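Chains as they are written, first to last, in the working numbering: chain A, 309 to 482; chain B, 309 to 482. Ideal Cβ placement from N, Cα and C applies to all residues, glycine included. The model shown is predicted, which means the values in this text are computed figures rather than measured ones.
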């Protein structure tokens, strides 16, 4: 059985959406993902914005409350009947996030075994056939085939097979 | 550069020693590792012992206080100058342990980057040349070369290159 590793943030968990929502609420702004095409969040925020964002990311509950990327549950459930699915998240940058990420996965993806969760720093350590990830540098160090999941920051990146939505992922694997 | 993945419990962290110490203190017994040759801890404890042990493992602080397996710090530091060293621990069985394991590694192995920590369930996901582990089933599913680190429970196991101590590990890699 072939094995697919799936990133969490921006692939199944909408961390960017939650960051924007928290930032907009606090600062009474109205930034949207459309404002971020080809850019990282901190490139569009005014001075001081980056510090707020980092505070959200380091908080205990942030990763517990994330919205789900549309389609990821249904399609991953179907994919998991034909492939070994692993969830691989770069959690080491946010040591406070481990427990919250674990609970989020158990709650929203109960059909996946927690034995298939991987909290790592560097995705070159993954032994899998495919990696679905929004970060080009994760795909660059991965040994199998990388699939770039579209996120505002990677709009201009080429060189990888790309999926804009989970429907695109379904077309590849189902 | 070749890559070595190193298990935590019973390889660099003396979880068994700490379990015995806590159990003996509480039950006023004097079990030692010598009593466990070829057996798992729960095979030698009286009825009810297993439940105590599981309670220790699930507690928040257990993995924070573990003694260090002798030689692992010095030898791993020397090895890390010649190899990429990853720490790979099966943390998913104990979701409360993530943060404590992270802090333990940062405190006792500060020369390793946290980018090289992997908290997983199933070690077949590791892409590395070597895995040093006390669990035969972890070595069985690993794709590279497994090295069985001696622990009382695996005394009778054959079929793997074996290291009784970190000095044996040094002989292999240095």
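Take residue i and list the residues in its own chain whose beta-carbon comes closer than 8 Å to its own, dropping the five residues that flank it on each side.
i, result
"residue 468 of chain B", "444, 447, 454, 455, 456"
"residue 449 of chain A", "430, 431, 432"
"residue 414 of chain B", "422"
"residue 386 of chain A", "478, 482"
"residue 361 of chain B", "327, 331, 349, 350, 353"
"residue 340 of chain B", "328"
"residue 464 of chain B", "346"
"residue 383 of chain A", "474, 475, 477, 478, 482"
"residue 424 of chain A", "392, 393, 394, 395"
"residue 462 of chain A", "442, 443, 444, 456"
Could you round the C-beta distance between residue i and residue j to whole angstroms and report it? I think they count as a contact, below 8 Å.
i, j, result
"residue 315 of chain B", "residue 407 of chain B", "Contact doesn't hold; Cβ gap of about 19 Å is too wide."
"residue 394 of chain A", "residue 313 of chain A", "5 Å"
"residue 460 of chain B", "residue 344 of chain B", "4 Å"
"residue 374 of chain A", "residue 318 of chain A", "In fact, because the Cβ distance is near 10 Å, the residues do not count as touching under 8 Å."
"residue 473 of chain A", "residue 363 of chain A", "Incorrect: roughly 31 Å between the Cβ atoms, too far for contact."
"residue 427 of chain B", "residue 427 of chain A", "4 Å"
In the DSSP assignment, what are the bridge partners of residue i?
i, result
"residue 397 of chain B", "B:427"
"residue 321 of chain B", "B:317, B:376"
"residue 434 of chain A", "B:434"
"residue 392 of chain A", "A:311"
Mind checking which residues open and close the alpha helix (DSSP H) that includes residue i?
i, result
"residue 453 of chain A", "From DSSP, residue 453 of chain A is part of no alpha helix (DSSP H) but of the beta strand (DSSP E) over 453-457."
"residue 441 of chain A", "Taken as a continuous stretch (DSSP letters only), residue 441 of chain A belongs to no alpha helix (DSSP H), being part of the beta strand (DSSP E) at 438-441."
"residue 497 of chain B", "Residue 497 of chain B lies beyond the stretch modelled for chain B, which goes from 309 to 482, so this question has no answer here."
"residue 462 of chain A", "Unbroken run through residue 462 of chain A: none, as it is neither H nor E."
"residue 479 of chain B", "474-481"
"residue 358 of chain A", "357-366"
"residue 351 of chain B", "349-352"
"residue 449 of chain A", "444-449"
Which residues in the same chain have their Cβ closer than 7 Å to the Cβ of residue i, if we skip the five residues on either side of it in sequence?
i, result
"residue 338 of chain B", "332"
"residue 412 of chain B", "321, 371, 372, 374"
"residue 388 of chain B", "419, 420"
Taking residue i as the reference, give the member of the options with the closest Cα.
i, options, result
"residue 421 of chain B", "A:425, A:400, A:437", "A:400"
"residue 310 of chain B", "B:355, B:413, B:392", "B:392"
"residue 330 of chain A", "A:359, A:412, A:475", "A:359"
"residue 466 of chain A", "A:346, A:398, A:361", "A:346"
"residue 323 of chain A", "A:357, A:372, A:342", "A:372"
"residue 334 of chain A", "A:439, A:356, A:404", "A:356"
"residue 451 of chain A", "A:436, A:464, A:403, A:463", "A:436"
"residue 480 of chain A", "A:336, A:438, A:398, A:416", "A:438"
"residue 365 of chain B", "B:405, B:342, B:388, B:383", "B:405"
"residue 369 of chain B", "B:476, B:377, B:475, B:410", "B:410"
How far does the beta strand (DSSP E) with residue i in it reach, from first residue to last?
i, result
"residue 469 of chain A", "469-471"
Please go through the same chain and pick out, in chain order, the residues whose beta-carbon is closer than 6 Å to the beta-carbon of residue i, but skip the five residues on each side of it.
i, result
"residue 434 of chain A", "313, 396"
"residue 441 of chain B", "315, 447"
"residue 381 of chain B", "none"
"residue 416 of chain A", "376"
Between the region 425-453 of chain B and chain E, which residues of the former have CB atoms less than 8 Å from a CB of the latter, in chain order?
The question asks about chain E, but that chain is absent: this structure's protein chains are A and B.
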